[in-house]
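What follows is one structure encoded as structure tokens, with my remarks underneath.
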Amino acid sequence: MTNFGDMTQREFSDALASSNPTPGGGSAAAVALSQSAALTIMVADITIGRDKWQNGWDIAESAKTVATPLLEEGFILANKDTDSFIQVMDSFKLPKGNDDEKSSRKQAITDATHQASLVPLQTAKVALELLLTHEQLATYGNGNAVTDVAVASLLASAACKGALFNVEINANSLPDEIGVDLLSTVEDIRNQARDASRAVMKAVYARLDSN
Numbered sequence: 544m545t546n547f548g549d550m551t552q553r554e555f556s557d558a559l560a561s562s563n564p565t566p567g568g569g570s571a572a573a574v575a576l577s578q579s580a581a582l583t584i585m586v587a588d589i590t591i592g593r594d595k596w597q598n599g600w601d602i603a604e605s606a607k608t609v610a611t612p613l614l615e616e617g618f619i620l621a622n623k624d625t626d627s628f629i630q631v632m633d634s635f636k637l638p639k640g641n642d643d644e645k646s647s648r649k650q651a652i653t654d655a656t657h658q659a660s661l662v663p664l665q666t667a668k669v670a671l672e673l674l675l676t677h678e679q680l681a682t683y684g685n686g687n688a689v690t691d692v693a694v695a696s697l698l699a700s701a702a703c704k705g706a707l708f709n710v711e712i713n714a715n716s717l718p719d720e721i722g723v724d725l726l727s728t729v730e731d732i733r734n735q736a737r738d739a740s741r742a743v744m745k746a747v748y749a750r751l752d753s754n
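Just so we're aligned: 720 in the working numbering is position 177 of the sequence shown, and the numbers increase by one with no gaps anywhere.
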């Protein structure tokens, strides 16, 4: 069982840079989610309890509530992404010497590929949820950390959009009764992430101009 959460940043980067098929972009996206959550929590913590930023306390609390479980969930999703990809590769190695074996292999490939789509889909969904907290945090959080909110939002956006690419490539190889719905969900989340990202950047630049 993979556990990227136990690696140092250098170890994970070295693993990512290796010629091995895993970890790949899906796991990198999930780790970016965890980093975005960490920055979000930092900004929330230096907002809450400081009189100057009292208007942002509730917003910071809400953002922190969303972000806190994602510190760990990002690594869990990174692990699951790698493990699900390994399952896909293993399914292609199944025997296909007769019709029964071919049928079993085909179903195993479909099942593994479907699961390999659902993991990054979850990464994208929670990354979007986190991203949606950043506009208000940029507007009302600690003004000295507005650029940290910007980076958090960029990481959340990368996590979301990067994970969606993994969903898409897997969904394209699935039967229509599975793949079409997945691709529709991808498009919906992608549009929401685009709009949310633009709103955060607008809020960040407005805050920078007012400081």
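Note that beta-carbon positions come from the ideal geometry of N, C-alpha and C, so glycine has one too.
Residue i versus the options, residue with shortest Cα-Cα distance
i	options	result
residue 669	573, 556, 748, 546	573
residue 659	730, 731, 709	709
residue 605	679, 561, 652	679
residue 631	587, 618, 661, 602	661
residue 624	723, 664, 612	664
residue 621	718, 547, 633, 563	547
residue 695	569, 610, 706	610
Range covered by the alpha helix (DSSP H) that runs through residue i
i	result
residue 637	Run containing residue 637: none; DSSP gives neither H nor E here.
residue 559	552-560
residue 588	568-588
Nearest-angstrom Cα separation, counted from residue j out to residue i
i	j	result
residue 698	residue 578	7 Å
residue 750	residue 581	21 Å
residue 746	residue 608	21 Å
residue 649	residue 571	29 Å
residue 729	residue 594	41 Å
residue 554	residue 561	11 Å
Simplified DSSP state of residue i, which is helix, strand or coil
i	result
residue 715	coil
residue 685	coil
residue 675	coil
residue 629	helix
residue 732	helix
residue 750	helix
Minimum Cβ-Cβ distance from residue i to chain D less than 8 Å
i	result
residue 597	Protein chain content of the structure displayed is limited to a single chain, and chain D is not contained in it.
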